[in-house]
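In this note's numbering, the protein residues as written are 22 to 154.
Built from N, CA and C at the ideal position, the CB exists for glycine as well.
Because the structure is a prediction, the values reported are computed rather than measured.
Worksheet: one structure, shown below.
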Amino acid sequence: MHHPGRPMRRLRIILIAHDGKKTDLVEWARFNAGTLSRHELIATAATGDAIRESVGLEVRMLLHGPAGGDAQAGALIATGAADVLVFFWEPLEVQPHDVDVKALLRLSVLHNVPTACNRATADYLISSPLFGT
Numbered sequence: 022m023h024h025p026g027r028p029m030r031r032l033r034i035i036l037i038a039h040d041g042k043k044t045d046l047v048e049w050a051r052f053n054a055g056t057l058s059r060h061e062l063i064a065t066a067a068t069g070d071a072i073r074e075s076v077g078l079e080v081r082m083l084l085h086g087p088a089g090g091d092a093q094a095g096a097l098i099a100t101g102a103a104d105v106l107v108f109f110w111e112p113l114e115v116q117p118h119d120v121d122v123k124a125l126l127r128l129s130v131l132h133n134v135p136t137a138c139n140r141a142t143a144d145y146l147i148s149s150p151l152f153g154t
């Protein structure tokens, strides 16, 4: 969504979901495919594969999260090469790369990158009149 009369800016959107949340993120991406297709999508490997296969959107791939993909996403945020983070993480399971997860979330706050960690927040974010302006 954007303000009428203003051109929509192509956002660089990072999409990440832990295994227990991948279905939720894929369903969200499918529901919002029209909007997402107008932006550059970046995802960790398994999340990107799921979105490509299930939704058919073009996705720039990072490494698997535990193999450095979350750290790559953090680097994109820290260098100003990402505009939005949609990260459906699993709050009830310990991840082998919890340090990277915490660093990624810290960087998104530090660099004032809009961040959605669940479907409700992602819905608010993508439907905001400020999205893409």
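query: Going by Cα to Cα distance, which pick from Arg140, Arg59, Met82 and Ser75 is closest to alanine 108?; result: Checking the sequence shown, residue 108 turns out to be phenylalanine, not alanine. Of Arg140, Arg59, Met82 and Ser75, the residue nearest in Cα terms is Arg140.
query: One question on the structure: do leucine 151 and valine 105 come within less than 7 Å of each other, judged by their Cβ atoms?; result: no
query: Per DSSP, what are the beta-bridge partners of valine 105 in this structure?; result: Ile34
query: Which full runs of the alpha helix (DSSP H) of 4+ residues lie inside the region 98–149, going along the chain?; result: 119–131 and 140–148
query: Can you say whether lysine 123 is buried or exposed, counting buried as having 16 or more other CB atoms within 10 angstroms of its CB?; result: exposed
query: Classify glycine 41 as buried or exposed, calling it buried when 16 or more other Cβ atoms lie within 10 Å of its own Cβ.; result: exposed
query: For a cutoff of 7 Å on Cβ pairs, would you count phenylalanine 109 as touching chain D?; result: In the structure shown, chain D cannot be found, because there is only a single protein chain.
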